[in-house]
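Respectively, the protein sequence lines represent chains A and B.
Each step along the first sequence adds one to the number in the numbering used here, with nothing skipped, and position 282 is 282.
Each step along the second sequence adds one to the number in the numbering used here, with nothing skipped, and position 388 is 388.
Ideal Cβ positions, reconstructed from N, Cα and C, are used throughout, including at glycine.
Remember, predicted model here, so these are calculated numbers, not experimental data.
Since the structure comes first, as structure tokens, the remarks are kept for the end.
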Amino acid sequence: MAVNIVKEKTLSQVGLVKLGATKEEGGTRAVTYTIGGDAALPFHHFEGKIANRPIVAMEVQDIEPNWPGTVKKHFEGVLDKPGEWAKKCVDEYGADAIYVRLEGAHPDGADKSPEDCVAVVKEVLGAVGVPLIVTGCEIEEKDNEVLVAVAEACTGENLLIGFAEQENYKSLTAACMVHKHNIIARSPLDINICKQLNILITEMNLAHDRIIIDPSIGGLGYGIEYAYSIMERARLGALQGDKMLSMPILCTVGKEAWRAKEASASEEEYPAWGEEEERGILWESSTASALLQAGGSIFLMRHPKAVSLIKNNIEQLMKDNSY
Amino acid sequence: MGKHLVKFVPDDVSATVDTGVNILRAASLAGIEIKSTCGGKGSCGRCAIKVLDGQVRYEEGNRSKKLKDQGLNLACQTIVEGDVTIEVPKDSRLDEHQVVLENENYGKVLEAKEVDILEGYEFSPLCRKVQLTLDPPNLTENTSDLTRLQAKLRQNTDCKELIVGLPILQHLAETLRQEDWKVTATLACMNGITEIVQVEPGHVANDGYGLAIDIGTTTVVVYLVDLSNGETIDKLGTYNKQAKYGDDVISRMIHAGEEGGLQELQQAVIGSLNELIDKLLDRKDVSSEDVHVAIMAGNSTMAHLLLGLPPKYIRLEPYIPTATELPPVKAKELQIHINPEAWVLNFPAVASYVGGDIVSGVLATKISQADEMTLFIDIGTNGEIVLGNKEFMISCACSAGPAFEGGGITFGMRAMNGAIERVRISPKTYSVQLETIGDGAPIGICGSGLIDCLAKLHKVGLIDRTGQFFRDKETPRLRKTDDGWEFVLAWAEESGNNQDVVITEPDIKNLLRSKGAVFAGIQSLLKSMQMDVNMIEKIIIAGGFGNYLNVEDAVQIGLLPDVDRDRYEFLGNTSVKGAKLALLSQAAYKKSIQLGHMMTYLELSAGTTFMDEFVSATFIPHTDLTLFPSVKDKE
Chain A
1 MAVNIVKEKT
11 LSQVGLVKLG
21 ATKEEGGTRA
31 VTYTIGGDAA
41 LPFHHFEGKI
51 ANRPIVAMEV
61 QDIEPNWPGT
71 VKKHFEGVLD
81 KPGEWAKKCV
91 DEYGADAIYV
101 RLEGAHPDGA
111 DKSPEDCVAV
121 VKEVLGAVGV
131 PLIVTGCEIE
141 EKDNEVLVAV
151 AEACTGENLL
161 IGFAEQENYK
171 SLTAACMVHK
181 HNIIARSPLD
191 INICKQLNIL
201 ITEMNLAHDR
211 IIIDPSIGGL
221 GYGIEYAYSI
231 MERARLGALQ
241 GDKMLSMPIL
251 CTVGKEAWRA
261 KEASASEEEY
271 PAWGEEEERG
281 ILWESSTASA
291 LLQAGGSIFL
301 MRHPKAVSLI
311 KNNIEQLMKD
321 NSY
Chain B
1 MGKHLVKFVP
11 DDVSATVDTG
21 VNILRAASLA
31 GIEIKSTCGG
41 KGSCGRCAIK
51 VLDGQVRYEE
61 GNRSKKLKDQ
71 GLNLACQTIV
81 EGDVTIEVPK
91 DSRLDEHQVV
101 LENENYGKVL
111 EAKEVDILEG
121 YEFSPLCRKV
131 QLTLDPPNLT
141 ENTSDLTRLQ
151 AKLRQNTDCK
161 ELIVGLPILQ
171 HLAETLRQED
181 WKVTATLACM
191 NGITEIVQVE
201 PGHVANDGYG
211 LAIDIGTTTV
221 VVYLVDLSNG
231 ETIDKLGTYN
241 KQAKYGDDVI
251 SRMIHAGEEG
261 GLQELQQAVI
271 GSLNELIDKL
281 LDRKDVSSED
291 VHVAIMAGNS
301 TMAHLLLGLP
311 PKYIRLEPYI
321 PTATELPPVK
331 AKELQIHINP
341 EAWVLNFPAV
351 ASYVGGDIVS
361 GVLATKISQA
371 DEMTLFIDIG
381 TNGEIVLGNK
391 EFMISCACSA
401 GPAFEGGGIT
411 FGMRAMNGAI
421 ERVRISPKTY
431 SVQLETIGDG
441 APIGICGSGL
451 IDCLAKLHKV
461 GLIDRTGQFF
471 RDKETPRLRK
481 TDDGWEFVLA
491 WAEESGNNQD
501 VVITEPDIKN
511 LLRSKGAVFA
521 GIQSLLKSMQ
531 MDVNMIEKII
541 IAGGFGNYLN
551 VEDAVQIGLL
561 PDVDRDRYEF
571 LGNTSVKGAK
581 LALLSQAAYK
591 KSIQLGHMMT
601 YLELSAGTTF
611 MDEFVSATFI
621 PHTDLTLFPS
631 VKDKE
């Protein structure tokens, strides 16, 4: 007797977002990516087309980051040179894109001026040919100055800039619209607010193919299951035709995974936990691989080895398993 | 610990209190009612007073910069340490204005529909008078006075079980003989039992009176009904004096838990009732002795407080009331100013948060006899919703907060003279045109005005869908103060209180939460029945909007479902209407007891559906725009 294989039918698909712009398109990038477009649940090749491979962006900061030594040692000598740092990520560690985090703008920290921040972004743009993701220091008022300046100075580069939040999305949305960039819409692990923010941003006339969702993930052991379920709901919504949930999803894996004590506590302190660096790498890559299965499209990561593990994982999952 | 004299001006009244008592409490003792939304917790910032003279100590409450600048302090955070003199500004006083009752004509949009209240029920009032001429006793026919009276009553009426109270009995012998065995007996019939509640000498012409009463968290309404013909001969409304102990049922319940708090709350509501009853009886020249029955409809907390039952476990999970079916009590037990032997009845409740007012509303609107699928929404401090028809009924309650009744809104007020009820904003210049109740100078904004205002602010693009102002709009009306952003509806020179009447961003967010809670309640009920809004054939709106509600506005902001507007009906205060119906028909009263059992209660705090729906609904109009096709089309 023939087996009747039941396949989930979908009405719609995840939206497409393009990152970066080549010379012909008004930018300076050597490569660009189109992400999203899945017509099925993550990697269900047998139910629909998984159009584009998820990408991994490695993080670069404008000041020396407060990261564990096990991560920093891989960037020795370039931590104060964002351009070279970015180049190392792309050339040596295979980063698909670069994530520039302008932590130095923090008013309580280095308090860098918007001009200085623009210079850093320009330096990275000059050093690598991959698309850039840029975020500020996450202080509302300062970011509104810094990110607007970056958006303006990098007109045409089709950056991905964040973070827009429900209480503060207007200036960044306007800047992305005028200077033709993409925006990261961040919501606090809440599917409704996620949707509301997407509506608010599109109502300001930024097209929905310029929005990326950041659902505020948690690292492994720190609420990852909540993130998983929110991402799953967004993906199901997208496949059922809800345009306002159909944007590709970005996961701040590096930041959340390395915040966990388990990722960076020393071996002397917890001998039973095993070797420190290996543990950290596993913490970051496990966080990423779980969220990969939940439907993430952009992964912001830190450790080169974790990046290579997850890229390998993506490659395996992208193999067609349809029957 | 010493005793101190606290004097209040300009009233020139005083109270003697111990050291350590706060001014809010002292004012209450002196008979001055001060606004206190939070019930004296120091968080609402409404009980502003000025210390003119004397020794006090201040505690740190939520005192805004505005109050500081005006040299005002919070009454609940000002502690008496010696003799003091206090000035109570007008703004801090609990308003003494009368509540707008129905039938007072203002610009109406959805007009309260007049219904034939009895429709389908036989006219058989709970109380009636029977004129009797007894056969005098003699040596051979020598049964007792009471047996004689009872026998005659059984002969003349269909009442079989006749009971009588001691006070009647004590005067019976003389009463019967006074007019040569001609008497008028007043009978109260409830659930098959009849009590002789009054015996008067001679044949008395009038048929007696009854009271239909709605005890709301915010307002109390009393109808004086002539039981001979079922006509409401007069009605009055006022604020529930419990308001000084907090705006919502939760703060009242907390107060009830404090020492003497329950008695204070009981006295406050009885005081409000008696004030209205005294006025009504005086105005219509009716003797209090002639009022033989009062029927009350109120939410469970109000019913508990009226009867002096501790409401503590209504507030605490799993939310259990002492009783849903409350026994009849005598007026004298509650010291209500009507015939002391009169019965005071309470409508039964469904659950802790779906009370007698809703059962009464369902009775009045006759949902339980309807063929069409009906959604009944009572929007007040608590939003209660009933879905069903003659096949089934399911109900839920959601805490809407006091915003629709003007609470928690900077210039919020109830529907009375000077309340803004319509707002027009020019999309180009953002100039504002207002309509107020009674056409007076604006002093605040009422529930229907708030809904209109929210719809218009969004329509002209002054606020986004989360209620946040677009700060770059060029108009002097939009401004930033120390307390955040606000929009001026009326400038001080146009207003009736020499202040700019404004709506602030927190006001808008409050209102959004209120409307979100109501809509989420509706959605949760529908989802529990796996229905969608289009299956509802009739939507009945009842409750706290004074006299009218603009359905179009309410749909625009996402308070009410986007269905054909013809399906909406506004019935005003259905709680008091149901009470009147029960007063006039024994069958209706009996039905109300059944209704309490027939309705299924959906507890919204169980499960996550409500919270999910609530967050989606805290948006103009809703996260899911497909639920609001007509709003979507317009944009």
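In the assembly as shown, B:Val17 is a buried residue. Its beta-carbon has 16 or more other beta-carbons within 10 Å. Bounds of the alpha helix (DSSP H) holding B:Lys580 are Thr574 to Leu584. By the neighbour-count definition (other C-beta atoms within 10 Å, threshold 16), A:Leu11 is an exposed residue. For the set A:Ser216, A:Pro107 and A:Asp242, the Cα lying nearest the Cα of A:Glu141 is the one of A:Pro107. Between A:Gln196 and chain B, the shortest Cβ-Cβ separation is below 7 Å.
Taken in chain order, the complete alpha helix (DSSP H) segments of 4 residues or longer contained in the segment 161 to 246 of chain A are 170 to 179, 191 to 203 and 224 to 239. Chain-ordered, the chain B residues with CB closer than 8 Å to the CB of A:Ile199 read Arg465, Phe619, Thr623 and Leu625. With a 10 Å radius around the Cβ and a threshold of 16 neighbouring Cβ atoms, B:Leu604 comes out buried. Assigned with DSSP and collapsed to three states, A:Gly280 falls in helix. With a threshold of 7 Å between beta carbons, B:Ser616 makes contact with chain A. Taking C-beta separations shorter than 6 Å and ignoring five residues to either side along the sequence, the partners of A:Ile191 in its chain run Ile230 and Arg233, following chain order. Within chain A, not a single residue places a beta-carbon under 9 Å from that of B:Asp248; the smallest gap is close to 25 Å. Beta-bridge analysis with DSSP links B:Ser399 to B:Asn382.
For the set B:Pro328, B:Ala351 and B:Ser352, the Cα lying nearest the Cα of B:Glu341 is the one of B:Pro328. Distances from the alpha-carbon of A:His303 to those of A:Leu132, A:Glu284 and A:Asn158 put A:Glu284 closest.
Within chain B, the residues whose beta carbon sits less than 7 Å from that of A:Asp190 are Val615, listed in sequence order. Between the C-alpha atoms of B:Glu259 and B:Ala268 there is a straight-line separation of about 15 Å.
The Cβ atoms of B:Val197 and B:Leu132 do not sit closer than 7 Å to each other.
Excluding five sequence positions before and after B:Arg424, the CB atoms of its chain that fall closer than 6 Å to its own CB belong to Gln433, given in chain order.
Close to A:Ile211, with beta-carbon spacing below 9 Å, lies no residue of chain B; the smallest spacing is near 15 Å. With at least 16 other beta carbons inside 10 angstroms of its own, B:Glu195 counts as buried. Annotation: the continuous alpha helix (DSSP H) that includes B:Lys284 extends over Gly261 to Lys284.
Assignment of alpha helix (DSSP H) within the segment 136 to 169 of chain B, counting only whole runs of 4 or more residues, yields 145 to 156 in chain order. The shortest C-alpha to C-alpha distance from B:Cys47 to any of B:Lys577, B:Val576 and B:Tyr245 is the one to B:Tyr245.
In this structure, the straight-line span from the alpha carbon of B:His597 to that of B:Gln586 is close to 18 Å.
Beta-bridge partners of B:Lys3 (DSSP): B:Asp18.
Out of A:Asp143, A:Leu200, A:Glu278 and A:Leu41, the CA that lies nearest to the CA of A:Gly162 is found in A:Asp143. Within the segment 45 to 127 of chain A, the complete beta strand (DSSP E) segments of 3 residues or longer fall at 55 to 61 and 97 to 101, listed in chain order.
Under the 10 Å beta carbon count, B:Ile254 is surrounded by 16 or more other beta carbons and is classified as buried. Below the 8 Å Cβ cutoff, chain B contributes Asp464 and Arg465 as neighbours of A:Glu203, in chain order. About 5 Å separates the Cβ atoms of A:Val56 and A:Phe299, confirming a contact at the 8 Å cut-off.
Residues of the segment 141 to 174 of chain A with a C-beta atom less than 8 Å from some C-beta of chain B are Gln166, Glu167 and Lys170, listed in chain order. A:Ser289 counts as buried, since at least 16 other C-beta atoms from the protein chains shown sit within 10 angstroms of its C-beta. Close to chain A, meaning a Cβ-Cβ distance shorter than 9 Å, is no residue of the segment 511 to 536 of chain B at all. By the C-beta criterion, the segment 485 to 493 of chain B is judged not to be in contact with the segment 367 to 381 of chain B, since fewer than 3 inter-stretch pairs fall below 8 Å. Residue pairing of B:Tyr209 in beta bridges, as defined by DSSP: B:Asp226 and B:Val291.
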